[in-house]
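S.K.: Numbering (the UniProt record's numbering), first residue to last: 1 to 179.
For each residue, glycine too, the CB sits at the ideal point set by N, CA and C.
Please read these numbers as outputs of a predicted model, since none were measured by experiment.
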């Protein structure tokens, strides 16, 4: 589900960039910043890097239905970083501004405006996350990379629901009629 959500976001942003900047190639890639060995994960410069930096379970509005595994609602924290070579720093800032503009105008992606959105995802709602310098420094330290111009978004929400509880509920006889 996470893969399908982030892929749809990257494709939608790439289409926006192609239209806005008359590009012939994709600029948005889904990638970490640094590989496990500490090397830079991005091989091609001049890219907008979409990185999943955290997951958080949404507990508001949670409903438990008896005899059913409750759905898990997940919020994604997605970082958009501009990895442009030193000669194109200003160009990178142009693309970072375009990311912000895109989500200001399209803060909800649904099946009407994003036909390729996975059928199991109702909608994705984007909210910019403000970070002070301390949290920003901590985030980039955890990522293991040098700071890149970036913006962080909270993406609400992806729902995981695999099906009903299976098994023998007769073990719980005598506990009342709640089962």
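For residue 51, count the other beta carbons within 10 Å of its own beta carbon; 16 or more makes it buried, fewer makes it exposed. Which is it?
M.R.: Walking along the chain shown from the start, residue 51 turns up at place 51. Under this definition residue 51 is a buried residue.
S.K.: When burial is assigned at 16 or more other CB atoms within 10 Å of the CB, is residue 1 buried or exposed?
M.R.: Counting from one through the chain shown, the residue named residue 1 turns up at place 1. Classification for residue 1: exposed.
S.K.: For the alpha helix (DSSP H) that residue 21 lies in, which residues bound it at each end?
M.R.: Walking along the chain shown from the start, residue 21 turns up at place 21. 2-21 is the span of the alpha helix (DSSP H), which, as asked, contains residue 21.
S.K.: With a CB to CB cut of under 6 Å and the five nearest residues on each side skipped, what residues in its chain are close to residue 81?
M.R.: Within the chain shown, the letter at position 81 stands for residue 81. Closer than 6 Å at Cβ, skipping near neighbours: 49, 148 and 150.
S.K.: Let me make sure I understand the geometry here. Which of 94, 36, 3 and 75 has the alpha-carbon closest to that of residue 21?
M.R.: On the chain shown, residue 21 is found 21 positions in, with the first residue counted as 1. Here the closest residue by C-alpha is 94.
S.K.: Applying the 10 Å Cβ sphere with the 16-neighbour rule, what's the burial state of residue 169?
M.R.: Residue 169 sits at position 169 when you count from the first residue of the chain shown. Annotation note: pLDDT 42 at residue 169 (below 50); position unreliable, no value reported.
S.K.: Considering only C-alpha positions, which residue in the set 57, 45, 84 and 110 is nearest to residue 76?
M.R.: Translated into positions along the chain shown, residue 76 becomes position 76. Closest by alpha carbon: 57.
S.K.: Who pairs with residue 30 in a beta bridge, going by DSSP?
M.R.: Translated into the one-based positions of the chain shown, residue 30 becomes position 30. DSSP lists 50 as partners of residue 30.
S.K.: Determine the direct distance from the alpha carbon of residue 69 to that of residue 10, and round the result to whole angstroms.
M.R.: In the chain shown, the residue the question calls residue 10 occupies position 10. In the chain shown, the residue the question calls residue 69 occupies position 69. Answer to the nearest angstrom: the Cα atoms are 31 Å apart.
S.K.: In terms of residues, what are the limits of the beta strand (DSSP E) holding residue 95?
M.R.: To locate residue 95, count along the chain shown from 1; it is residue 95. Note, residue 95: premise wrong, no beta strand (DSSP E); alpha helix (DSSP H) at 89-105.
S.K.: With a threshold of 16 other CB atoms inside 10 Å of the CB of residue 103, please say whether the residue is buried or exposed.
M.R.: Taking the first residue of the chain shown as 1, we reach residue 103 at position 103. It counts as buried.
S.K.: First and last residue of the alpha helix (DSSP H) that includes residue 71?
M.R.: Numbered from 1 along the chain shown, position 71 holds the residue referred to as residue 71. Element bounds for residue 71: n/a, residue is neither H nor E.
S.K.: Return helix, strand or coil for residue 171, following the three-state DSSP convention.
M.R.: Looking up residue 171 in the chain shown gives position 171. Low confidence applies here, because residue 171 scores a pLDDT of 41, under 50, leaving its location unreliable; read the following figure in that light. Residue state, collapsed to three classes: helix.
S.K.: For residue 177, which of helix, strand or coil comes out of DSSP?
M.R.: Counting from 1 along the chain shown, the entry for residue 177 is found at position 177. Residue confidence for residue 177 is low, a pLDDT of 48 falling below 50, so the modelled location carries little weight; the figure read from the coordinates is stated next. Looking at residue 177 - three-state DSSP - the assignment turns out to be coil, as it is neither helix nor strand.
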